[in-house]
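J.:
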Amino acid sequence: PDALKYFAEFNRSKHLGIALAFHHLHKWEEQIPQLCRDLCPKHVPFIYFQEHSEGIRTKASKEIEMQQMPGFGGGLDYRPIVKALKDVDYQGFVEIFMHPVPRGIPILPTVTEVTAAINKSRAYIERCLTLA
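Each number in our numbering corresponds to the 1-based position in the sequence shown with 12 added.
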């Protein structure tokens, strides 16, 4: 988190920003909402809605691997994050994201299943937004 704050302090370019990736901040989850308030929207044009999981780098069950996506039972509570983004009127891009293992394969076997998984995550984020 400190490196992100230092970047924001010293960055003078409107063409350079942070692609904020929550899965890289899993050791500092409690700081994510405040980081969003401090960095967004000025320094963060893009956010990955992905969380850390045992299945991020090593082969795990599909259930564990899918925990990288919001609303699939991972440990990250998106409610305070979404509230922080709402508080600062974040208008940047957000991507629901995960890394399948091995890399380069679809997250699920069919387009229908992938679409359903993304829609499940989106519905979870929308519920969080209504509570914000």
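The C-beta atom is built at its ideal place from N, Cα and C for all residues, glycine as well. Please read these numbers as outputs of a predicted model, since none were measured by experiment.
(1) What's the gap between the Cα of I44 and the Cα of E66?
(2) Measuring only the C-alpha atoms, how far is H111 from Q79?
(3) Count the other C-beta atoms from every protein chain shown that fall within 10 angstroms of the C-beta of F109, then say buried if there are 16 or more, exposed otherwise.
(4) In three-state terms, what does DSSP make of A15?
(5) For I119, which residues of its own chain have a beta-carbon under 7 Å away from its beta-carbon, when the five flanking residues on both sides are left out?
(6) Which of helix, strand or coil does DSSP assign to E107?
T.: With the given structure in hand:
(1) 20 Å
(2) 11 Å
(3) buried
(4) helix
(5) M110, P112, V126 and A129
(6) strand
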